[in-house]
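S.K.: In terms of my numbering, the sequence shown has 147 at position 139, counting the first letter as 1, and numbering is strictly consecutive.
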Amino acid sequence: MSPETPADARRVLDRCDELAAVSSSATGVERVHLSPEHARANAIAADWMAQAGLRTWCDQAGNQWGRLEGREPGLPALVLGSHLDTVTDAGRYDGILGVLSAIEVARRLAPRAGELPFALELVAFSDEEGTRFSTALTGSSAVAGTWHEDWWERTDRDGVTVRQAAEAFGLDPSRIGEAAREPQDLVGYLELHIEQGPQLEAAGRALGVVASIAGARRFTGRVVGEARHAGGTPYPKRRDALVGAGEVVLAVERLAVELDGIATVGRLQAFPGGVNVVPGLVEFSLDVRAEHDADRDALVEAITAHARAACARRGLGLELTETHRAAGVYCDAELTASVVAGIAATGDHDPLRTWSRAGHDAMAIAAITPVAMVFVRCEDGISHAPTEAVTLPDVAAGIDALEAAVLDVAARRS
Ligand code: HGY
Ligand code: MN
Ligand code: MN
9 MSPETPADAR RVLDRCDELA AVSSSATGVE RVHLSPEHAR ANAIAADWMA QAGLRTWCDQ
69 AGNQWGRLEG REPGLPALVL GSHLDTVTDA GRYDGILGVL SAIEVARRLA PRAGELPFAL
129 ELVAFSDEEG TRFSTALTGS SAVAGTWHED WWERTDRDGV TVRQAAEAFG LDPSRIGEAA
189 REPQDLVGYL ELHIEQGPQL EAAGRALGVV ASIAGARRFT GRVVGEARHA GGTPYPKRRD
249 ALVGAGEVVL AVERLAVELD GIATVGRLQA FPGGVNVVPG LVEFSLDVRA EHDADRDALV
309 EAITAHARAA CARRGLGLEL TETHRAAGVY CDAELTASVV AGIAATGDHD PLRTWSRAGH
369 DAMAIAAITP VAMVFVRCED GISHAPTEAV TLPDVAAGID ALEAAVLDVA ARRS
C-alpha cells in the first residue's frame, strides 16, 4: 500500500459523494443516459482526469475519455474504466467507484507514464444500466463497434428517442461509428467494480477476481385481459390481467430457484389502475441471467412456457418482447493474472475468484480486447439501493490493486 493510499481513497469516497449529488432526483441518486446530469458528471470526471494529467474528450456515444501517452506517442492503450450512469434510486458506488479509482491510478502513474509500454486510457461509460431507454451497455457497445441501429428509436417514458436525446446532448448520431475503437489500438481493459453480492464479505476478503460475467436477457411483458367493473363482474366472467401476472411473477421466482438461475420482475404496472376496476392489462419487466448462457436460455424457455400456460388457462393474452441480450464472457487469463498480481500487492495471495452475477461494460468491450475485473467488497452485498456502502480500507486496497495490476501488465509487455 503506497503512503498516499488513505488520502487517495478518501478523495475517491468524497468524489463519490460529490457525484451522488449530480442527480435528477431530489431524494436519491438517479443519473440516466444523455441527461443533463450525465453531461454534468462527464464534465466533472473530465476535470478530474485533466487534473491527473490526462488529455480528455467525449466520444459520439457520450462516453468520457482520458489518455496518458506511454513511452512514445500513439501506443496501443490499456484502458481502465467503468460507468457513471445509475439505476433509479441508486447507490453511489456502482460504476462510479471504478471510474474514480482509475483516475487515482492514472494520477499516481502520470509522472512515470514515459516508462509505460502502452498508453493509459480511462473511460467513463454511459448507459451501462439502460435505465432511461430500456437498452443497456450501449456506450461500451458503441466503443466495441456493436451498436444496434434500432437503439436510435428506443423511447424513454416521455417518448423521447435515443436519437433526439443524443442530438440534444450535442452528439451527431450519424457519427456514432467514430466511437468504435480498433482492437489493434488496445492492449486490454481493466474494470474495478463493487461486487454487488455478499461473497467477499462472507469470505472476509476486501477484493476478489472475476472469472466470468453473466450475460442477462431482458424482456418487457404484457398480460392482456379485460377491464370490467370490480363489483358487478362475477369471477367466471373475469379476465383479470393482474391475477394472471401474479401467477407469472411467482413462477419466475420458483423456476429460477428450481433451475439454479436468476430471474427478476423489477417493474410491474396494472391498467387502467382504478381501485374499482378489474385490471385489463399488466405491463412488466423480466430480467434473466445464469452463470452460463445455455442455463439462462433454458430458464427463459421454462418461464415463457409456464407464463403462456397460466395465461391461457385464464383466457389471458401474453406478449413477451426481448429488449436486451448480452452474451456472458470469460475474463482473459493473462490480464486476470495481472489482477491476481495486483491483489497480491495488497497482501492477499490467494484471492477469491467468482463469476459476476451483475453485468458490466467489460462484457461489451470483450468483443474487441481482453478484459479483466477486480471486485471490491460492498456491505452485505447491497447494490442498486441507497444503502450501497464500501469502506475506506477496501477502497484503498482496490486502488492499490488496480495500480499494481497496471504495472504488472507493463512488466509483462516490457
Ligand atoms: O444489471 C446489471 O447487472 C448491471 O448492474 N447493469
Ligand atoms: Mn448496476
Ligand atoms: Mn455497474
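Ideal Cβ positions, reconstructed from N, Cα and C, are used throughout, including at glycine.
Bear in mind the structure is a predicted one, so any value in this text is a computation, not a measurement.
1. What three-state label does DSSP hand Asp-356 in the structure shown?
2. Which residue or residues does DSSP assign as beta-bridge partners of Leu-117?
3. Relative to the C-alpha of Ala-345, which residue among Arg-183, Leu-130, Glu-136, Leu-198 is closest?
4. Note down the Cα distance separating Arg-18 from Ala-404, rounded to an integer number of angstroms.
5. Can you find the residues in the same chain that come closer than 7 Å, C-beta to C-beta, to Ala-375, ignoring five residues on each side of it along the sequence?
6. Short of 6 Å in beta carbon distance, which residues of its chain neighbour Val-347, apart from the five on each side in sequence? Order them along the chain.
7. Any beta carbon of chain B sitting closer than 8 Å to that of His-392?
8. Determine the contact status of Arg-230 and Glu-327, defining contact as a CB-CB distance below 8 Å.
9. So, are the CB atoms of Ala-58 and Leu-128 less than 8 Å apart?
10. Assuming Ala-224 and Ala-315 are in contact, meaning their beta carbons sit under 8 Å apart, how far apart are those beta carbons, in whole angstroms?
11. Put Gln-68 into one of helix, strand or coil per three-state DSSP.
12. Please work out which residues of its chain come closer than 6 Å, Cβ to Cβ, to Ser-33, disregarding the five sequence neighbours upstream and downstream, and give them in chain order.
13. Enumerate in chain order the residues of its own chain whose CB-to-CB distance from Met-9 is below 6 Å, with the five nearest sequence positions on each side excluded.
14. Please tell me whether, using a cut-off of 7 Å, the distance from the CB of Ala-46 to the nearest non-hydrogen atom of ligand 3 is below it.
15. Nearest to Gly-274 by alpha carbon, out of Ala-118, Leu-267, Ala-253?
16. So, using beta-carbon positions, are Arg-385 and Glu-137 closer together than 8 Å?
17. Does the distance from the CB of Arg-421 to the CB of Pro-125 come in under 8 Å?
18. Buried or exposed: Ser-182, going by 16 or more other Cβ atoms within 10 Å of its Cβ?
19. Can you have a look at Gly-196 and say buried or exposed, based on whether 16 or more other CB atoms are within 10 angstroms of its CB?
20. By how many angstroms is the C-alpha of Arg-321 removed from the C-alpha of Ser-148?
21. Taking a cut-off of 5 Å, which residues have a beta-carbon closer than that to any heavy atom of ligand 3, in chain order?
22. Look at the Cβ atom of Gln-68, then the Cβ atom of Ile-184, and state whether they are nearer than 8 Å.
23. If contacts are defined as beta-carbon pairs under 8 Å, then Asp-55 and Asp-93 qualify, I think. What distance do you get, rounded to the angstrom?
24. My parser needs the beta strand (DSSP E) runs of 3 or more residues fully inside the stretch 251-311; what are they?
25. Should Arg-112 be labelled buried (16 or more other beta-carbon atoms within 10 Å of its own) or exposed?
26. Just the Cα atoms here: how many angstroms apart are Gly-99 and Gly-367?
27. Have a look at Asp-295, Leu-294, Ile-311, Arg-247 and flag the residue whose alpha-carbon is nearest the alpha-carbon of Val-285.
28. On the DSSP letters alone, give me the boundaries of the beta strand (DSSP E) that Ala-173 sits inside.
29. Compute the beta-carbon to beta-carbon distance between Thr-329 and Phe-227, rounded to the nearest angstrom, for a pair I have assumed lies under 8 Å.
30. Let me check understanding here. Comparing Cα to Cα, which of Met-371, Ala-349, Thr-163, Asp-356 lies closest to Tyr-338?
31. I need the DSSP call for His-237, collapsed to helix, strand or coil.
32. Taking the CB atoms as reference points, tell me whether Ala-271 and Asp-295 lie closer together than 8 Å.
33. Quick check: Leu-42 and Gly-78, are their CB atoms within less than 8 Å of each other?
34. Starting from Ile-221 and walking both ways along the beta strand (DSSP E), at which residues does that stretch end?
35. Quick one: residues in its chain with C-beta nearer than 7 Å to the C-beta of Ala-121, no 5 flanking neighbours on either side, listed in chain order?
36. Can you tell me whether Thr-377 is buried or exposed, with buried defined as 16 or more other CB within 10 angstroms of its CB?
M.R.: In short:
1. Coil.
2. Leu-117 pairs with nothing; no bridge assigned.
3. With distances taken between Cα atoms, Ala-345 lies closest to Leu-198.
4. Looking at the two C-alpha atoms, the distance is approximately 8 Å.
5. Take Ala-375, set aside five residues on each side of it, and the residues of its chain with a beta-carbon closer than 7 Å to its own are Ala-152, Thr-154, in chain order.
6. Once the five neighbours on either side are set aside, the close Cβ partners of Val-347 are Val-217, Ala-380, Val-382, Ala-413.
7. Structure shown: chain B not included; a single protein chain is present.
8. Between Arg-230 and Glu-327, the gap from beta carbon to beta carbon is short of 8 Å.
9. Between Ala-58 and Leu-128, the gap from beta carbon to beta carbon reaches 8 Å or more.
10. Not quite, the Cβ-Cβ distance comes to about 18 Å (not below 8 Å), so this is no contact.
11. Coil, per DSSP.
12. Excluding positions up to five away in sequence, the list is empty.
13. Residue placement at Met-9 is flagged as unreliable, the pLDDT there being 49, under the threshold of 50; the coordinate-derived value follows with that caveat. Within the same chain, Met-9 has close Cβ partners Asp-408.
14. Here the sequence assigns His to residue 46, which means Ala is not the residue at that position. Answer for His-46: no, Cβ out of range of ligand 3.
15. Check the Cα spacing between Gly-274 and each of Ala-118, Leu-267, Ala-253: the tightest is with Ala-253.
16. Going by C-beta atoms, Arg-385 is not nearer than 8 Å to Glu-137.
17. Going by C-beta atoms, Arg-421 is nearer than 8 Å to Pro-125.
18. Ser-182 should be labelled exposed.
19. Gly-196 should be labelled buried.
20. If you take the alpha carbons of Ser-148 and Arg-321, they lie about 43 Å apart.
21. With the cut-off at 5 Å, the residues found are Asp-102, Gly-103.
22. Gln-68 is a Cβ neighbour of Ile-184, given a cutoff of 8 Å.
23. Not really, about 18 Å apart at Cβ, beyond 8 Å.
24. The qualifying runs are 270-272, 276-279, 289-297.
25. Per the sequence shown, the amino acid found at residue 112 is Glu instead of Arg. Buried is the call here.
26. In a straight line, the C-alpha of Gly-99 is about 16 Å away from that of Gly-367.
27. Closest option to Val-285, Cα to Cα, is Arg-247.
28. Going by DSSP, Ala-173 is part of no beta strand (DSSP E) but of the alpha helix (DSSP H) stretching over 170-177.
29. About 6 Å separates the two Cβ atoms, so the contact holds.
30. Checking every option, the nearest Cα to that of Tyr-338 belongs to Met-371.
31. Strand at His-237.
32. With contacts defined by Cβ atoms closer than 8 Å, Ala-271 and Asp-295 form a contacting pair.
33. Taking 8 Å as the Cβ cut-off, Leu-42 and Gly-78 do not qualify as a contacting pair.
34. Residues 215-221.
35. Same-chain partners within the cutoff: Leu-76, Glu-77, Gly-78, Leu-128.
36. Here Thr-377 is buried. Its C-beta has 16 or more other C-beta atoms within 10 Å.
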